[in-house]
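**Q** What follows is a single structure, and I will ask about it in a moment.
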Amino acid sequence: MNLFMVTENIRDMFPVLSRKVYGKDLVYFDNAATSQRPQSVIDMWNEISSFSNSNIHRAVHRLADESTQAYEQARDAVKDFINAGCREEIIFTSGTTASINLVAYSFGEAFVSEGDEVIVTEAEHHSNIVPWQLMCMRKGASLKVLPVDESGHLMVDKLGELISDRTRIMAVTHISNVLGIINPVKEIIGICHSKGIPVLVDGAQGIVHCEVDVQDLDCDFYAFSGHKMYAATGTGVLYGKRKYLDAMPPYMGGGEMVGTVSFAETTFAQLPMKFEAGTQNFASTATFKPAIDVLNLLNSNKLVEEIDKVRDHILEYLISDERIRLFGVPRGTNEEKIPLFSFVVKGIHHEDLALILDKMGIASRSGQMCAEPLMDRYGVTGMLRISLAPYNTMEEAEYFIKCLNRAIDMLS
Amino acid sequence: MVTLAEAENAIIEEFSMYDEWLDKYEYLIELGKSLKDYPETSKTDEKLIKGCQSRVWLDHKMEDGKVVFNADSDAIITKGIISLLIGLYSGRTPQEILSSDFSVVEKIGLKENLSPTRANGLVSMIGKIKEIALQNA
Chain A
15 MNLFMVTENI
25 RDMFPVLSRK
35 VYGKDLVYFD
45 NAATSQRPQS
55 VIDMWNEISS
65 FSNSNIHRAV
75 HRLADESTQA
85 YEQARDAVKD
95 FINAGCREEI
105 IFTSGTTASI
115 NLVAYSFGEA
125 FVSEGDEVIV
135 TEAEHHSNIV
145 PWQLMCMRKG
155 ASLKVLPVDE
165 SGHLMVDKLG
175 ELISDRTRIM
185 AVTHISNVLG
195 IINPVKEIIG
205 ICHSKGIPVL
215 VDGAQGIVHC
225 EVDVQDLDCD
235 FYAFSGHKMY
245 AATGTGVLYG
255 KRKYLDAMPP
265 YMGGGEMVGT
275 VSFAETTFAQ
285 LPMKFEAGTQ
295 NFASTATFKP
305 AIDVLNLLNS
315 NKLVEEIDKV
325 RDHILEYLIS
335 DERIRLFGVP
345 RGTNEEKIPL
355 FSFVVKGIHH
365 EDLALILDKM
375 GIASRSGQMC
385 AEPLMDRYGV
395 TGMLRISLAP
405 YNTMEEAEYF
415 IKCLNRAIDM
425 LS
Chain B
1335 MVTLAEAENA
1345 IIEEFSMYDE
1355 WLDKYEYLIE
1365 LGKSLKDYPE
1375 TSKTDEKLIK
1385 GCQSRVWLDH
1395 KMEDGKVVFN
1405 ADSDAIITKG
1415 IISLLIGLYS
1425 GRTPQEILSS
1435 DFSVVEKIGL
1445 KENLSPTRAN
1455 GLVSMIGKIK
1465 EIALQNA
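Protein chains in written order, with our numbering: chain A, 15 to 426; chain B, 1335 to 1471.
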């Protein structure tokens, strides 16, 4: 455990953090897009691929047994991590997007008909908008949108007006990938449940920064990706309450998800297999287990305090510099803000800033961040975003501020 | 006016003077700022070059058998890149433009130093310049 007491040692766990780009130390500030991978995750993927590679579940040989166990142990680890009621409620997917599409399709087939309504929010990633639009097109339903205010907070007081007796489901992000504000999802779930409406939470960012207890939240679905929480890419989870998953038809047909197949009739497998058609990404999905171990360590020691200080430092700077407009400004306490900052610099294009920061060794993100409605809401064509993880340091934050200033000077 | 080949060589020499990419960006930023005013009314969809991450407009007119380009972008480094291209190819005959192999962008290391999406943008800009030359040849 001593290994994790000092930030320097934490960094040693992630091989990429020691590399240089253009001769400069890499400062990786694009963690909201994908987080870096710890050695334990890389090792697990390597080991399965090198020595246990075998398709899961069906075969009786030793290798299949090993790969199946690694895959199913990951399911148990995820179940415990989010405190799901049972392992059947954990469906493995290829990522948050796939998880949401699954619900939009299968829930839609079971519960939505012409004239019904779905509520999303203005702060959503395209992945939590477009699947619902597709569902609405299929079903003749319509989409309603809960707005965000100027500071980047959901206008929860307007939710009551949006809900009608035709509302079938609400989809809301735990934390917007642009605003970085932790949304009051528990309150939103409470309001929806009081009207009998289930809620899907997009947890792509939330799973990394919040302690998620799905039973405490009482959400009906919680969707997230592996690659943003230190696991391998191409992995994802859909948590769903059993009563809904049981009532929903399969999303995709194929191997694994069947009971019996004949040309006259096919029956479907039990949960969770019912929603896991085809060969799964087993070597990558197995890495949820070591990734969760890392995440637990990152969340359970002094590193959290350290990264909070770094967050406060960057926040203070971005708010105080008059050339900068920050989106997602916490009200009252900083605790509702994750170390993710999207902003624009007056008169300067976000792409120019990102290009120059890149040559200084800083990985940032520029553009619309897959959230065009939010860009429109704030009247910008794009933003610059930096997003930090607990392995980032105060030193890096100070270097970033210095570099940002130099970039602004160059571009002014 | 110097020949196109001479102008291309001059740019290659100019870029070779800078060791650091930040300095090359600084040079591109200056080029971008030196671009003459581009009328707002010409910022139309048909003049927009598709495939660029930032918006780039390329306008042209024919003068004495020569293609005269004007361009703009909302991002200054991109504007510098299109400005560099215009500096080379504007005021030349379509035949002259088409005689170039456009390898200058590789020789100055521009293409390899842009991310693939931005490199595609660069390819789109060059494609548009060639297309205009071809239409007027």
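For every residue, glycine included, the Cβ atom is placed at its ideal position computed from N, Cα and C.
1. For the stretch 312 to 337 of chain A, which residues have a beta carbon sitting closer than 9 Å to at least one beta carbon of chain B?
2. For Ser1350/B, return the contacting residues in chain A, with the cut-off set at a CB-CB distance below 8 Å.
3. So, do the stretch 1410 to 1428 of chain B and the stretch 1338 to 1348 of chain B have three or more beta carbon pairs nearer to each other than 8 Å?
4. DSSP has Tyr236/A in a bridge; who is on the other side?
5. Which residue comes first and which comes last in the alpha helix (DSSP H) that contains Val1438/B?
6. Step through the CB atoms of chain A and report whether any lies within less than 7 Å of the CB of Asp1408/B.
7. Please work out which residues of its chain come closer than 7 Å, Cβ to Cβ, to Asn1343/B, disregarding the five sequence neighbours upstream and downstream, and give them in chain order.
8. Taking only three categories from DSSP, how would you classify Met408/A?
9. Can you give me the Cβ contacts of Ser298/A inside the same chain, cut-off strictly under 8 Å, excluding the 5 residues immediately before and after it?
10. Is the beta carbon of Pro456/A sitting closer than 7 Å to the one on Met271/A?
11. Between the alpha carbons of Ala478/A and Lys351/A, how many angstroms are there, rounded?
12. The alpha helix (DSSP H) that contains Leu1422/B, what's its start and end?
13. From the DSSP secondary-structure annotation, give me the bridge partner or partners of Ala377/A.
14. Does the CB of Ser1417/B have a neighbour CB from chain A at under 7 Å?
15. Could you pull out every residue in the same chain whose Cβ sits closer than 7 Å to the Cβ of Ser178/A, ignoring the five residues on either side in sequence?
16. For chain A, is any of its Cβ atoms less than 7 Å away from the one on Tyr1359/B?
17. Are the beta-carbon atoms belonging to Tyr1441/B and Gly1366/B less than 7 Å from one another?
18. In the DSSP assignment, find the alpha helix (DSSP H) that holds Asn310/A and state where it starts and stops.
19. I want to see whether chain B comes within less than 7 Å of His140/A, judged by CB atoms only; does it?
20. Given that a residue counts as buried once 16 or more other Cβ atoms are within 10 Å of its Cβ, and exposed if not, what is His75/A?
21. Between the stretch 122 to 137 of chain A and the stretch 148 to 157 of chain A, do at least 3 Cβ pairs fall closer than 8 Å?
22. Assign Gln1469/B to buried or exposed, taking buried as 16 or more other Cβ atoms, counted over all protein chains shown, within 10 Å of its Cβ.
23. Compute every distance between the C-beta of Ile221/A and the non-hydrogen atoms of the ligand MG, then say whether any falls below 6 Å.
24. Could you please tell me which residues of the stretch 364 to 382 of chain A, in chain order, have their CB closer than 9 Å to any CB of chain B?
25. Output yes if chain A places a C-beta closer than 7 Å to the C-beta of Ile1411/B; else output no.
26. Closest to Pro52/A by C-alpha separation, out of Ser32/A, Ser66/A and Ile70/A, would be which residue?
27. Quick check on Leu1382/B: buried or exposed, where buried means 16 or more other Cβ atoms within 10 Å of its Cβ?
28. Give a yes or no on whether the C-beta atoms belonging to Ile1431/B and Ala1405/B are separated by under 7 Å.
29. Is the CB of Leu1356/B under 7 Å away from at least one CB in chain A?
30. So, at 6 Å on beta carbons, what are the nonlocal neighbours of Val222/A in its own chain, with the 5 sequence-adjacent residues on each side left out?
**A** Quick look at the numbers:
1. none
2. The premise fails here: Ser1350/B is roughly 18 Å from chain A at the closest Cβ pair, so nothing lies under 8 Å.
3. yes
4. Val215/A and Tyr253/A
5. Val1438 to Lys1441
6. yes
7. none
8. helix
9. Trp59, Gly240, Ala245, Ala246, Thr247, Gly248 and Thr249
10. Because residue 456/A is not part of the residues shown, which for chain A are 15 to 426, the question remains open.
11. Residue 478/A lies beyond the range of chain A shown here (15 to 426); nothing can be said about it.
12. Ile1410 to Tyr1423
13. Tyr42/A
14. no
15. Glu131
16. yes
17. Reading the sequence as shown, one finds Lys at residue 1441/B and not Tyr. Their beta carbons are not under 7 Å apart, which means Lys1441/B does not touch Gly1366/B by this criterion.
18. Phe302 to Asn313
19. no
20. exposed
21. yes
22. exposed
23. You won't find the ligand MG in this model; it holds no ligand whatsoever.
24. His364, Glu365, Asp366, Leu369, Ile370, Asp372, Lys373, Met374, Ser380 and Gly381
25. yes
26. Ser32/A
27. exposed
28. no
29. yes
30. Lys242 and Met243
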